Amino acid sequence: MNPQILLIYTGGTIGMIKDPVTASLHVFDFTYLLEKIPEINLLDCSIDNISFETPIDSSNINPSHWIEIARIIEQKYAVYDGFVVLHGSDTMSYSASALSFMLENLSKPVIFTGSQLPIGDLRTDAKENLITAIQIAALQNNNKAIINEVGLYFEYKLYRGNRTTKINADYFEAFSSLNFPALLTSGVHLNINHEILLKNYSKASFCVHKELDDNVALVKLFPGISQTVLSAILEIPKLKAVIIETYGSGNAFTYHWFLQAIKEAIEKGIYVVNVTQCAGGGVQMNQYHTGKLLEELGVISAKDMTTESALTKLMYMLGLKISRKMFKTVFESDLRGEIS
Ligand code: ASP
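The number in my numbering is simply the position in the sequence shown, starting from 1, with 47 added.
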């Protein structure tokens, strides 16, 4: 039997249309999108679709939408062999990262894709992205899915979703995954990098986690950031975790007020996570004195995770109510291929 694929349409440029008066893009409905790609009917799989009641520009995505996507996949998991999530590119890396944590013991592909130009545009990248994403979701070997994880397909490359970052607002090649190679490259053939795919050896069954805790904050360090700014963030009521985007391999300035503020936050029970603001590489707090001081205070290392991945992993882990004793160890462990 042909693989059964479910397209989940959340919105984004891929299905947008130009307003004739203002010339700005706004979301349109799914029927329009499918009408524009009749080629979909030629694929060797059966395709159904489901759409958000109100498709959105992905700038409006929040954790409730991730729960909605997870719920759809949970409800339809037994019926379909693969899922393609159509999503705006702006926050696609956050959503793909979040879903990678929420869907545990996945043994079917969940492929995020979208486009930089709307489907109706002559030079659109939407057709290739959508058609190939569907083909990837339908890849099987002896009736078993080849991809068992959350991927992000864009411009000829399938990446592990939680390794990606949107790096370009103009180019079709909008995403990068600097700390992990592509899972698949699309050329004349689909070249699969089999060795690096996540293997689901676990006997445990598929499980969907729908509790996310958004009492988190993100601070990007810059030369000149003031004590007032940092303190205002660390004093947010109910704050449970903060990500500090540091320099290079996890370094921060050594001013007394800064280290004191971090120390007090940790003493209050706030988890402080160190993520590098570099696009590639990761945190190694023992490399320089400036990082070592943070390590000694009990700061958690995001290692080579992206900010998107670290942020959504925090929401997921806080939602799981992992004990204080275990939090650092679990966060620093590789759960879904997000850490090298
Ligand atoms: N603003 C759009 C969105 O993220 C951009 C895109 O789809 O590429 O929904």
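Every residue, glycine too, gets a C-beta built ideally from N, C-alpha and C.
The structure displayed is predicted, hence computed values, not measured ones.
Residue i (DSSP reduced to helix, strand or coil)
i    : result
N107 : helix
L53  : strand
H73  : strand
G59  : coil
V377 : helix
E311 : helix
E115 : helix
I64  : strand
N96  : strand
K213 : strand
P228 : coil
I87  : helix
I120 : helix
First and last residue of the uninterrupted alpha helix (DSSP H) at residue i
i    : result
F148 : 139-149
M364 : 354-367
E343 : 336-344
Cut-off 6 Å between Cβ atoms - residues of its own chain near residue i, not counting five sequence neighbours on either side
i    : result
Q334 : S296
I106 : For the sequence presented, residue 106 should be read as Ser rather than Ile. These residues qualify, in order along the chain: D137.
I239 : L231
I158 : V131, A180, I183, A184, G198, Y200
L277 : A308
S93  : N49, Q51
T57  : F99, H134
A145 : W113, T359
Boundaries of the beta strand (DSSP E) in which residue i is found, first to last residue
i    : result
L133 : 129-133
T323 : 318-323
Cβ shell of residue i (< 7 Å), same chain only, five flanking positions each side left out
i    : result
K204 : A229, T232
E379 : I347, S348, K350
M48  : none
I103 : T57, G58, V74
Proximal residues to residue i (C-beta, below 8 Å), its chain only, five neighbours per side dropped
i    : result
V263 : L286, K287, A288, V289, I290, L358, L361, M362, L365
L344 : L306, I309, K310, I313, V319
R170 : L164
F227 : Y206, R207, R210, I243, G384, S387
T293 : L268, A299, N321, V322, T323, Q324, V330, G338, L341
I178 : I84, E86, I87, L90
L382 : F148, K360
N152 : N247, S249, A251, S252, F253, C254
message: At 4 residues or longer, what runs of the alpha helix (DSSP H) sit wholly inside the segment 233-309?
response: Listed in chain order, the complete alpha helix (DSSP H) runs (minimum 4 residues) inside the segment 233-309 are 274-281.
4 or more residues per run - each alpha helix (DSSP H) lying fully within the segment 142-208: Within the segment 142-208, the complete alpha helix (DSSP H) runs of at least 4 residues are 173-184.
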